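Here's the structure we're looking at; comments come further down.
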Amino acid sequence: DTGVSQDPRHKITKRGQNVTFRCDPISEHNRLYWYRQTLGQGPEFLTYFQNEAQLEKSRLLSDRFSAERPKGSFSTLEIQRTEQGDSAMYLCASSTQRQASSYEQYFGPGTRLTVT
Amino acid sequence: LAKTTQPISMDSYEGQEVNITCSHNNIATNDYITWYQQFPSQGPRFIIQGYKTKVTNEVASLFIPADRKSSTLSLPRVSLSDTAVYYCLVGDPLTPLVFGKGTRLSVIA
Chain L
1 DTGVSQDPRH KITKRGQNVT FRCDPISEHN RLYWYRQTLG QGPEFLTYFQ NEAQLEKSRL
61 LSDRFSAERP KGSFSTLEIQ RTEQGDSAMY LCASSTQRQA SSYEQYFGPG TRLTVT
Chain S
1 LAKTTQPISM DSYEGQEVNI TCSHNNIATN DYITWYQQFP SQGPRFIIQG YKTKVTNEVA
61 SLFIPADRKS STLSLPRVSL SDTAVYYCLV GDPLTPLVFG KGTRLSVIA
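Listed in order, the protein sequences are those of chains L and S.
The first sequence begins at 1 in the numbering used here and counts up one residue at a time.
The second sequence begins at 1 in the numbering used here and counts up one residue at a time.
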């Protein structure tokens, strides 16, 4: 179990540019979640997948955001025409419904986005 | 989703037991109570989860009264490395999590 990995760990971009982040979940996990976290706040849900199907998308999520999980394994989150307000930590988590004793989401280290 | 209320911050000395209480008056029958810990610049990490009564693992205990309208996370003999933000969440743990602002615990030497 190598844990959830995210790439890149840090991204600095200029306003108006597009960025794409990648998340590799724990291999046997069928659910994958994206969250966003700004300073001093708890993580905020963006979207989640079960296998390759996108099950839910936050109503707060702008149309500039899109996520995919094409083969039910890794996922990408793209932000088009970035704005300064997009600056945040983007967190990925994964889970499986087949738990031994508890139901938990395993979080990756996050990708910190800075829009200048 | 049930809303939770917990203290914004707490201070403790090393070696003491820390209890963080979370209020969740509108908890639903199928909801679990889950606590996560988060260090700066890291993703949250699962600590403990329960449905009712008491749950204990190697890092913490979770006390849940019969009415389930509150819960208490107990951290025995904290150390400096326990300084973190602790989140109380209520709901289906396999659906998207709803985080509040959490409790910022500062452990002092």
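Backbone N, C-alpha and C define an ideal beta-carbon position, used for all residues, glycine too.
Note that the structure is predicted; figures quoted are calculated from it, not measured.
Under the three-state reduction of DSSP output, D86(L) falls in the helix class. Residues of chain L whose Cβ lies closer than 9 Å to the Cβ of K101(S) are, in chain order, G40, Q41, G42. Taking 9 Å as the cut-off, the beta carbon of E44(L) is found no closer than this to the beta carbon of Q54(L). Here V107(S) has S12, E14, V78, S79, L80, D82, T83 as same chain residues with Cβ atoms under 7 Å from its own Cβ, once five neighbours each way along the sequence are excluded. For L77(L), the uninterrupted beta strand (DSSP E) run begins and ends at 75 to 79, by DSSP. For Q105(L), the closest alpha carbon among the candidates T21(S), G102(S), T34(S) is that of T34(S). Against chain L, the beta carbon of Y87(S) has neighbours under 9 Å at G42, P43, listed in chain order. For R9(L) and P7(S), the gap between their C-alpha atoms comes out near 31 Å. Chain S places no beta carbon closer than 9 Å to that of F21(L), leaving this residue out of the contacts. Under the 9 Å criterion on CB atoms, A88(L) is classed as non-interfacial with respect to chain S.
At a cut-off of 9 Å between beta carbons, R81(L) makes no contact with chain S.
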